[in-house]
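Residue numbers (my numbering): 325 to 748. One structure is given here, and the rest of the page talks about it.
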RNA sequence: GGAGAGGUGGCCGAGCUGGCUGAAGGCGCUCGCCUGCUAAGCGAGUGUACGGGGAAACUUGUACCGAGGGUUCGAAUCCCUCCCUCUCCGCCA
């Protein structure tokens, strides 16, 4: 959520900056509702002050017959207050509703653009290997080795689900453990294992709701949603809390499955592991003081990159332009891994600085020092990494001409020493 | 699923025969005093949000005692609904 006071004082500037995201958002309705709310608030508060004053007087008067008129008058006032409060509630709700669908302001350094074509590649790592044969796509590799079974997953559930088998299941588990160990032991994140379903308040806190309900799986019964990313439960850990500056930065990592409807992508990436309704992800989340957030995003990005470096998978880092960053983000760097099966870079991590956007929605604050006024923290998060996509990148990059797949060295301790996946 | 207890400020904990209670008391914390140091002691202060005034320090109004509604001139205190926590029983990975 944007800062109401800042909005009020900088309407045009905000309108212009939001426009760089690609869709025109008018702030006229905000301005009118905000004005109306303050008028109603003033009226209601004055009446309440009057009521409080007179009621205290009535309380002090022992002989109530002396204050009969006041009691009658306050009866009237109470009705007026009730009416004003109702109008106030409606106005506040309407205001809140539009505030909740305003996206974050792009960071000053976020490249301005109109589509993903304007994203800026900022570095490449590793060398793209040459092949003396036609490299295969991971779905072919996985099925040939009998470690991925898309057909039976379709039987069990439906499309966009995968059954991992044997060394495939083991490889997924190895990747999860490898990533968690790296982030906890080397990068000093605290491991969390949160609930995989959250309530509406949590989804609103990080920005998935109210705007993107269609992308979420909702459970029957209680008003809970399956998490689309660990970002949601992990960021909401500190919802409605005031932290001490000495606690920051707080760095958490969590492995969770992620559930997404992928409603807007029918027919896209239908084959293989790229776009699934359920996938594993290891997430990195930081709560930081505002002045450090740019730098903290850089280090978090480095932590995510480290996973690919240790796995020796070629990748590039892309600075997303204003039209391509997500709703809650002010700045986002994507990491894209090289996939030889399709000769493309594919997103495998997205690292964002949300500044105070989520913190304001979720009321996550801190004090600079004892006794200081609470201020909003900045939140940062990124995938470290999407596990399914990492597995497919391993399959495609480590494939051999004979159809087998070499196990990356750093994963071998997690695979019982296995050096090569060879089918039966 | 059944029975009971409870949710108050950073924490503990009063209040709950309605009014002077943003809320006693204690702990913690901050500042000052005192003391050779520490400890103890003394004094003052110590919530959040929103609105008005002010350049600011600050000041003023309103709201908040799990959430929402009701009764009343007036509710932390009475009534209703919901949520959560704890204890016991049942069931279960």
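The C-beta atom is built at its ideal place from N, Cα and C for all residues, glycine as well. Because the structure is a prediction, the values reported are computed rather than measured.
Shortest Cα-Cα distance from residue 646 to any of 518, 662 and 433 involves 433.
Residue 346 sits in coil when the DSSP states are folded into three classes, being neither helix nor strand. Separation of residue 592 and residue 680 (C-alpha to C-alpha, rounded to the nearest whole angstrom) is 34 Å. By the C-beta criterion, the stretch 579–593 is judged to be in contact with the stretch 539–554, since at least 3 inter-stretch pairs fall below 8 Å. A direct Cα-Cα distance of roughly 30 Å separates residue 419 from residue 610. In summary, residue 737 is exposed, with fewer than 16 beta-carbon neighbours lying within 10 Å of its beta-carbon over all protein chains present. The stretch 392–400 makes contact with the stretch 375–383: 3 or more CB pairs, one atom from each, lie closer than 8 Å.
For residue 404 and residue 410, the gap between their C-alpha atoms comes out near 10 Å.
Taking the Cα positions, residue 473 is about 36 Å away from residue 652. In the DSSP assignment, residue 411 falls within the unbroken alpha helix (DSSP H) covering 392–423.
Secondary structure at residue 541: coil, using DSSP grouped into helix, strand and coil. With a cutoff of 9 Å on beta-carbon distance, residue 709 and residue 657 are scored as not near each other. Contact between residue 462 and residue 720 holds: their C-beta atoms lie close to 5 Å from each other, under 8 Å. The three-state reading of DSSP puts residue 380 in helix, counting H, G and I together. Around the C-beta of residue 330, fewer than 16 other C-beta atoms lie within 10 Å, and the residue is accordingly described as exposed. Measuring C-alpha to C-alpha distances from residue 471 to each of 448, 459, 495 and 644 identifies 495 as the nearest. Residue 481 sits in coil when the DSSP states are folded into three classes, being neither helix nor strand.
As the crow flies, the alpha-carbon of residue 449 is around 32 Å from that of residue 487. Per DSSP, the unbroken beta strand (DSSP E) holding residue 448 starts and ends at 444–449.
By the Cβ test, the stretch 626–639 is in contact with the stretch 721–741, since at least three Cβ pairs between them sit closer than 8 Å. Between the alpha carbons of residue 365 and residue 416 lies a distance of about 10 Å. Between residue 747 and residue 517, the alpha-carbon positions lie close to 33 Å from each other. For the options 664, 561, 334 and 703, the alpha carbon positioned closest to that of residue 457 is the one of 664. Between residue 612 and residue 701 the beta-carbon gap is near 6 Å, inside 8 Å, which marks them as a contact. For residue 502, the enclosing alpha helix (DSSP H) starts and ends at 491–505.
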